[in-house]
Structures are given as structure tokens and as C-alpha cells.
Amino acid sequence: MGSPAPQPSPSECPLCCGTGWKAVEVPGKAKRVARCDCRNEARAERLLNAARIPSRYEHCTLADFATDFSGAHRSLAAARLAAGRFVEEYPIEKTGLLVIGPVGTGKTHLAVGIIQELVRSKGVPCRFCDYRELLKEIQNSYNPTVQTTELEILRPIFEAEVLVMDELGAVKPSEWVWDTVSHILNSRYNERKTTIITTNFPNLGPGEMQSGRTSHAEASRNAARGETLGDRITERMRSRLHEMCRVVQMDGVDFRQKVQSANFR
Ligand SMILES: Nc1ncnc2c1ncn2[C@@H]1O[C@H](COP(=O)(O)OP(=O)(O)O)[C@@H](O)[C@H]1O
Ligand SMILES: [Mg+2]
Ligand SMILES: [Zn+2]
0 MGSPAPQPSP SECPLCCGTG WKAVEVPGKA KRVARCDCRN EARAERLLNA
50 ARIPSRYEHC TLADFATDFS GAHRSLAAAR LAAGRFVEEY PIEKTGLLVI
100 GPVGTGKTHL AVGIIQELVR SKGVPCRFCD YRELLKEIQN SYNPTVQTTE
150 LEILRPIFEA EVLVMDELGA VKPSEWVWDT VSHILNSRYN ERKTTIITTN
200 FPNLGPGEMQ SGRTSHAEAS RNAARGETLG DRITERMRSR LHEMCRVVQM
250 DGVDFRQKVQ SANFR
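This is the structure in C-alpha cells:
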């Protein structure tokens with residue numbers, strides 16, 4: 000994470016003179032006080048640090064998620080709209096998002112943009128988690144003599160109010176590591192905590208790619224790999240994710256290629 004933007008020390012704040020509360024005028028009503036901007040900004044910076052967004056995605060916001068460049072796929076505009084609506088409706092609507100599409104279509108950018116916006120506009124504590132890193136952490140923390148270690152380290156992942164799990168299925172864990180992953184996802188589901196998931200694997204069941212159901216645009220693009228989301232995370236978990244999340248499909252080719260070819264014309 001970059002260093003947080005410098006905050007005026009509370010005593011320097013011209014709005015609240017260090018009290019943390021500012022006066023707000025509501026026409027026709029008695030004067031009220033509200034939390035001062037200086038405290039809200041400090042809170043947003045704290046939450047953004049705690050969200051652990053990798054530095055290469057720190058720049059990603061919903062505002063700079065482009066959908067209007069030449070060659071942009073229609074599904075990008077729909078995905079951008081769904082992301083905006085998600086932020087707007089949270090926490091009245093807590094259903095998560097399952098963002099599916101080939102590499103480079105902007106899935107991670109969109110997911111990070113959502114949590115930046117949730118933090119800044121609503122002060123919601125969020126957490127980013129890379130699936131590969133998570134599996135490594137589970138593996139490293141495993142110590143047969145100290146059963147609690149694993150859960151202590153994973154507590155923020157279990158407890159985050161909104162969790163982004165990036166690149167689900169990217170690696171295939173051993174059986175006991177998978178047990179922990181499904182424990183995380185299932186307990187978040189049971190506790191009605193919101194999870195935003197991204198994956199490169201087509202939204203099909205185990206073996207459905209081989210059995211000729213390759214009509215999905217994204218399935219045919221991933222056909223070289225020949226594996227589906229169901230193959231990677233089990234059909235049982237795939238169907239659980241459909242209860243936890245709304246599907247957001249992102250199609251098109253790698254963003255960097257799109258921009259390059261657009262610049263060519
Ligand atoms: N629609 C978009 N507008 C602006 N930048 C984008 C867009 N889509 C992708 N990018 C940028 O392209 C790069 C790849 O996107 P990324 O989100 O990592 O793709 P994915 O997670 O689907 O593989 C990132 O640097 C991202 O910021
Ligand atoms: Mg990604
Ligand atoms: Zn202030």
C-alpha cells in the first residue's frame with residue numbers, strides 16, 4: 000500500500016477545530032452535528048490500508064473503468080452498471096457478485112473498484128484476498144500440534160464484512176486445504192457476509208466442456224485449458240456460489256490488446 004494521504008491534524012481542521020464534529024444546517028430544523036470530513040477521510044484511509052489491495056491494483060476505481068473504447072464488448076458496460084448498482088444498494092442488498100470472464104477483461108479492476116467505492120462512500124470495511132496467496136497462507140499456517148493457528152491467521156478472511164476473492168480456481172488445492180476454503184465460503188454464506196469472487200473459468204459444471212457444451216463464448220476461449228469452474232471447485236461449491244452471488248459475465252479479449260488495436264486505427 001502507498002502511504003496514506005496526509006490528514007490535517009485534528010487541531011488544524013477548520014471545519015471542526017479538532018472536535019471531530021461539524022455543524023450541519025438543515026433548513027427549517029434545529030442545528031445538528033455530524034462526523035467531520037477530517038475523521039471520515041482518516042477512517043477511509045485506515046479501511047483502505049486494512050483492505051490489503053495489492054499495489055498494482057491500487058489505481059483501479061469504478062470511475063476509470065472504461066466501457067466506451069473501440070472494440071469494447073457490450074458485457075463490459077453491463078458489468079460496470081452492475082458494479083455501480085451493487086455499491087448503491089449495499090447493505091440493503093448483500094448478495095455478492097461472481098465475476099466471470101477470460102484473462103485481461105478487467106475482472107480484478109472491477110472488483111477492486113467496488114471495494115474502493117464501498118470504503119470511500121459508505122465506510123464499509125472490506126478485504127482483498129488473492130486465491131493463490133490464500134492457499135499458500137493456509138498451507139503455511141498448518142501446524143498439526145497447534146490447531147488454532149490456522150484460524151487465527153484466517154480470521155480477517157472469515158470476518159471481513161465484504162471480501163473479494165480474486166481468481167478462484169486458479170490453482171487446485173490439496174483436499175485438506177480445500178476443506179478450509181469451503182469452510183470459509185460456507186461460513187461467510189451462513190453469516191450473510193458478502194463475497195465478491197472473480198474467476199477465469201467458464202461457468203459450467205464438471206466435464207461440461209468435454210461433453211460438447213462449448214457454445215458459451217468464454218468456454219470456447221478457455222477450451223485449450225479444457226476445464227470448467229465446476230472442474231476446479233466442485234459442482235457443489237459452484238452451485239453454492241450461485242446462491243451467494245449474482246453472476247456478472249465479462250467478455251472480450253485482453254484489455255491491453257484491445258487498447259493497442261484501438262490505438263492502431
Ligand atoms: N475497462 C477497463 N478500463 C480501464 N482499465 C482496464 C479495463 N479493463 C482492464 N483494465 C486494466 O487492464 C489491466 C488488466 O485488467 P485486470 O482487471 O487485471 O483483468 P482480469 O482480472 O480480468 O485478468 C489492469 O491494469 C486494468 O486496470
Ligand atoms: Mg484478475
Ligand atoms: Zn474536522
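In terms of numbering that gives the first Met the number 0, the sequence shown opens at residue 0 and continues consecutively.
Every residue gets a Cβ at the ideal spot worked out from N, C-alpha and C, and that includes glycine.
Quick caveat: nothing in here was measured; it's all calculated off a predicted structure.
Inter-residue Cα distance where the pair is residue i and residue j
i, j, result
"Lys121", "Arg45", "14 Å"
"Thr179", "Ser69", "43 Å"
"Glu174", "Arg237", "17 Å"
"Leu240", "Ala65", "27 Å"
"Thr227", "Arg235", "13 Å"
"Ile183", "Lys28", "48 Å"
"Asn202", "Ile195", "15 Å"
"Ser181", "Gly168", "12 Å"
"Leu150", "Asp129", "17 Å"
"Val111", "Ala50", "10 Å"
"Cys244", "Glu11", "44 Å"
"Tyr327", "Arg131", "Residue 327 falls outside the range modelled here, since the chain spans only 0 to 264, and no answer is possible."
"Gly19", "Arg31", "13 Å"
"Asn48", "Ala82", "22 Å"
"Val163", "Thr104", "17 Å"
"Lys171", "Lys135", "12 Å"
"Tyr56", "Pro26", "42 Å"
"Cys37", "His58", "22 Å"
"Asn314", "Glu24", "Past the boundaries of the shown model lies residue 314; the chain is included only from 0 to 264, so the question cannot be answered."
Ligand 2 heavy atom lying under 7 Å from the CB of residue i
i, result
"Thr197", "yes"
"Glu190", "no"
"Glu226", "no"
"Asp165", "yes"
Residue i: CB within 7 Å of a non-hydrogen atom of ligand 3
i, result
"Gly122", "no"
"Arg272", "The displayed coordinates of the chain run from 0 to 264. Any statement about residue 272 would go beyond what the structure contains."
"Arg38", "yes"
"Cys12", "yes"
"Gly100", "no"
Nearest neighbour of residue i, chosen from the options [CA to CA]
i, options, result
"Glu92", "Val161, Asp36, Val176, Val111", "Val161"
"Asp253", "Arg79, Gly83, Pro26, Ala71", "Ala71"
"Glu158", "Glu136, Lys171, Ser186", "Ser186"
"Val102", "Glu24, Ala76, Thr197", "Thr197"
"Arg79", "Gln256, Arg255, Val246", "Val246"
"Val98", "Gln115, Ser74, Glu116", "Ser74"
"Ala76", "Pro13, Leu109, Asn189, His58", "Leu109"
"Pro53", "Asp63, Gln115, Pro13", "Gln115"
"Thr193", "Arg255, Thr94, Thr233, Cys35", "Thr94"
"Tyr188", "Gly17, Glu242, Trp177", "Glu242"
"Ile232", "Glu166, Gln248, Gln256", "Glu166"
"Gly251", "Val176, Trp177, Gly100, Leu133", "Gly100"
"Trp177", "Gln248, Gln138, Leu14", "Gln138"
Close-in-space but distant-in-sequence residues of the same chain around residue i (CB under 7 Å, 5 per side omitted)
i, result
"Phe85", "Leu96, Ile113"
"Pro155", "Arg126"
"Ile152", "Glu136, Ser140"
"Asp63", "none"
Neighbourhood of residue i by C-beta, 6 Å cutoff - its chain only, sequence neighbours within 5 removed
i, result
"Glu207", "Thr227"
"Ala43", "Val118, Arg119"
"Asp230", "Pro205"
"Asn199", "Val102"
"Pro124", "Leu46, Glu160"
"Thr60", "Gly112, Gln115"
"Gly297", "As shown, the chain starts at 0 and ends at 264. That puts residue 297 outside it, with no answer to give."
Heavy atom of ligand 1 within 7 Å of residue i beta-carbon
i, result
"Arg34", "no"
"Lys171", "no"
"Gly105", "yes"
"Leu75", "yes"
"Ala29", "no"
"Thr16", "According to the sequence shown, residue 16 is Cys rather than Thr. Flag unset: Cβ of Cys16 not near ligand 1."
"Phe127", "no"
"Ala49", "no"
"Phe200", "no"
Minimum Cβ-Cβ distance from residue i to chain D less than 8 Å
i, result
"Phe157", "Note that chain D does not occur in the displayed structure, where there is just one protein chain."
Ignoring anything shorter than 4 residues or poking outside the region 24 to 59, list the alpha helix (DSSP H) runs there in chain order.
Runs of the alpha helix (DSSP H) inside the region 24 to 59: 36 to 50.
For a minimum of 4 consecutive residues, which ranges assigned as the alpha helix (DSSP H) are wholly contained in the region 51 to 136?
The region 51 to 136 contains, as complete alpha helix (DSSP H) runs of 4+ residues, the segments 73 to 88, 106 to 121 (chain order).
Can you list, in chain order, the stretches of the alpha helix (DSSP H) that have 4 or more residues and sit fully within the region 155 to 190?
Listed in chain order, the complete alpha helix (DSSP H) runs (minimum 4 residues) inside the region 155 to 190 are 174 to 189.
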